[in-house]
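Below is one structure, written out as structure tokens; the observations come after it.
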Amino acid sequence: MLIVIYLLYVKLSETIHINRLLGGRHLFLLNKAEKSPKRTVTFFLKKPGHLLYPGAKLCGEVSVADIGIRMSCLKQIVPHIAENDPSLWLSKIPRFSHDKHKYNFGHTLVWGGKMTGAARLSSLAALRIGSGLVSVACPEGDHPVYALTSPSLIVHPMDTKEEFKALLSDKRINSILIGPGAGREVKLKSFIQDLLKVRTHSIVLDADAISVFESNPDDLLSLTDESTVLTPHEGEFKRLFPNLNGSKIENATAAARLSQGVIVMKGADTVIAAPDGRVVVNTNAPGWLARGGTGDVLAGIIAGLLAQGLCAFDAACAGVWVHGMAARHAGPGMIADDLLGGIKLVVERILHKEAD
């Protein structure tokens, strides 16, 4: 059994705490007088326990020490877990140039549900992350609400799934988002099933688009594929995968394999898993993201990145990271709406930084 031993240095204390990572379980040997280490020093690379809660909370600042292990050994180890970072996906985001127009940055289609606030947040987030166009398909009665949200949105009033399918015949539409504020009516379930059978677009399924399949998850999972992104929080995840009871990484990996899609298992330590076994753990989310509507913003960001040509896994990883950084810019008093301005700042900084 591989035993990784690393040192926990506690600031203002002469006590050195030793943590042993045995088979994925953490044993913290802490001085009773000091239960919150200020710093953790680990060797070679960070371990999953440094990124996932509750371990992340017990580490303090994490430093990686060089003890002579060569990076070339990774070619033999082939690790499948990484910490989320722009180096993983930044090169995939399209750049502006004089010879590009709005359709070069994609067209996102959002299904506008009865709870209009959710889909409005999603739509604006897709615009802010760079989708060239964003359309909202909504019931006729909700048309004024969506139309007044922003002049930058294209709003299509419709009341039947046939009208929605007709809209999808527009080859310039690149990604679809369904779920925010959609409600859990039976007709939503059949609508999603029919759509998944015929669509050729990347799709994000969030919130009610996940929960509506609680009684029979296979009705959804038999239709998803590698161009599908599922974005459940813990409760929604349990509705769709009630038999998965492992660690967060194990559950997300198994869910991606079962669905053959990309899983974004949301939380303070969001885990993104691909069906081929790759896993990314996000570590930049502040606690004040625990607000209503923030998940709708995340779904819109991911859909907007899909529209720009990123694959489902890259769009999910980039979307989650941008979402966390936008919240940091917005600050502790933020509400979901404030993330939209934060997205703009993050996009400016990550794209302009490379040009400096």
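Counted the way the working numbering counts, the sequence shown spans residues 952 to 1307.
Ideal placement from N, C-alpha and C gives every residue a C-beta, glycine not left out.
This structure is a prediction, so every number in the text was calculated from the model and none was measured.
Counting along the chain, where does the beta strand (DSSP E) carrying residue i start and finish?
i	result
Asp1169	Note, Asp1169: premise wrong, no beta strand (DSSP E); alpha helix (DSSP H) at Asp1169 to Leu1172.
Ile1032	Ile1032 to Glu1034
Arg990	Arg990 to Phe994
Val1149	Looking at the DSSP string, Val1149 is not in any beta strand (DSSP E); the run it does join, the alpha helix (DSSP H), is Val1137 to Val1149.
His1058	His1058 to Trp1062
Leu1181	Thr1179 to Thr1182
Asp1159	First-last for Asp1159: Asp1159 to Ser1162, but that is the alpha helix (DSSP H), not the beta strand (DSSP E).
Glu1012	Glu1012 to Ala1016
What separation, rounded to the nearest whole angstrom, lies between the Cα atoms of residue i and residue j?
i	j	result
Asn1202	Ala1236	20 Å
Lys1116	Gly1083	21 Å
Thr1245	Lys989	30 Å
Glu1187	Gln1259	27 Å
Leu1139	Gly1000	39 Å
Ser1120	Val1230	34 Å
Thr1100	Arg1071	7 Å
Leu1147	Ser1210	13 Å
Asn1196	Ser1103	44 Å
Ala1263	Ser1178	6 Å
Gly1081	His1052	12 Å
His1303	Ser1038	15 Å
Gly1251	Val1106	16 Å
Arg1300	Ser1141	42 Å
Asn1035	Ile1200	14 Å
Ala1306	Val1297	The pLDDT assigned to Ala1306 is 39, lower than 50, so where the model puts this residue is not dependable; a value taken from the coordinates is nonetheless given after this. When rounded, the distance between both Cα atoms is 15 Å.
Residues in its own chain within less than 7 Å of residue i by CB, not counting five upstream and five downstream?
i	result
Ile1124	His1058, Leu1060 and His1152
Gly1243	Ala1287
Gln1144	Asp1170 and Leu1174
Looking at the unbroken alpha helix (DSSP H) that takes in residue i, where does it start and where does it end?
i	result
Leu1025	Leu1025 to Ile1028
Trp1272	Ala1263 to Ala1281
Ser1126	Ser1126 -> not in any alpha helix (DSSP H); beta strand (DSSP E) instead, spanning Ser1126 to Ile1129.
His1052	No alpha helix (DSSP H) contains His1052, which DSSP labels as neither H nor E.
His1001	Pro999 to Leu1002
Thr1245	Thr1245 to Ala1258
Applying the criterion that 16 or more other CB atoms from any shown protein chain within 10 Å of the CB defines a buried residue, is residue i buried or exposed?
i	result
Thr1111	exposed
Ala1016	exposed
Val1155	buried
Pro1005	exposed
Ala1241	exposed
Asn1194	exposed
So, for residue i: in the same chain, excluding its five sequence neighbours on each side, which residues have a beta-carbon less than 8 Å away from its beta-carbon?
i	result
Arg1135	Asp1159, Ser1162 and Val1163
Here's a check: name, in chain order, each residue in its chain whose Cβ is nearer than 6 Å to the Cβ of residue i, leaving out the five neighbours to either side.
i	result
Met1066	Gly1132
Val1248	Leu1072, Ala1076, Ala1287 and Leu1290
Ala1206	Phe1192 and Ile1214
Is the beta carbon of residue i within less than 7 Å of some heavy atom of the ligand COA?
i	result
Leu1147	For the structure depicted, the ligand COA is absent and the ligand set is empty, with no information on it obtainable.
request  = Evaluate contact between the stretch 1045 to 1065 and the stretch 1010 to 1024, counting only Cβ atoms and requiring at least three cross-stretch pairs below 8 Å.
outcome  = The stretch 1045 to 1065 is not in contact with the stretch 1010 to 1024.
inquiry  = Quick check: the stretch 1088 to 1098 against the stretch 1027 to 1045, are at least 3 beta-carbon pairs closer than 8 Å?
reply    = no
inquiry  = If contact is defined by three or more beta carbon pairs under 8 Å, each pair taking one atom from either stretch, is the stretch 1211 to 1229 in contact with the stretch 1251 to 1267?
reply    = yes
task = Could you say if the stretch 1164 to 1180 and the stretch 1065 to 1076 meet the contact criterion of at least three C-beta pairs nearer than 8 Å?
result = no
The stretch 1273 to 1293 in contact with the stretch 1207 to 1220 per 3-pair CB rule at 8 Å = no
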